[in-house]
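Residue numbers (our numbering): 1000 to 1047.
Note that CB positions come from ideal geometry on N, CA and C, so glycine has one too.
Presented below is the structure to which this report refers.
Below is the structure:
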């Protein structure tokens, strides 16, 4: 049980790192194509 829990947390941390890089790629694409008055674009910029 303990080993399974540690591997689970390790996988979660890996997913977080992967999601961060993935979100950066997605947000950069969105900000490039998004209009200036789009609320999502300003939100993406604040994240970076």
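Could you give the distance in angstroms between the alpha-carbon of residue 1008 and the alpha-carbon of residue 1028?
Counting from one through the chain shown, the residue named residue 1008 turns up at place 9. Counting from one through the chain shown, the residue named residue 1028 turns up at place 29. Rounded to the nearest whole angstrom, the C-alpha separation of residue 1008 and residue 1028 is 30 Å.
Could you tell me the alpha carbon to alpha carbon distance between residue 1024 and residue 1013, rounded to whole angstroms?
As a working note, residue 1024 is residue 25 in the chain shown. As a working note, residue 1013 is residue 14 in the chain shown. Residue 1024 and residue 1013 have their C-alpha atoms some 17 Å from each other.
Separation of residue 1011 from residue 1022, as counted between CA atoms:
Locating residue 1022 in the chain shown gives position 23, where the first residue counts as 1. Locating residue 1011 in the chain shown gives position 12, where the first residue counts as 1. Looking at the two C-alpha atoms, the distance is approximately 16 Å.
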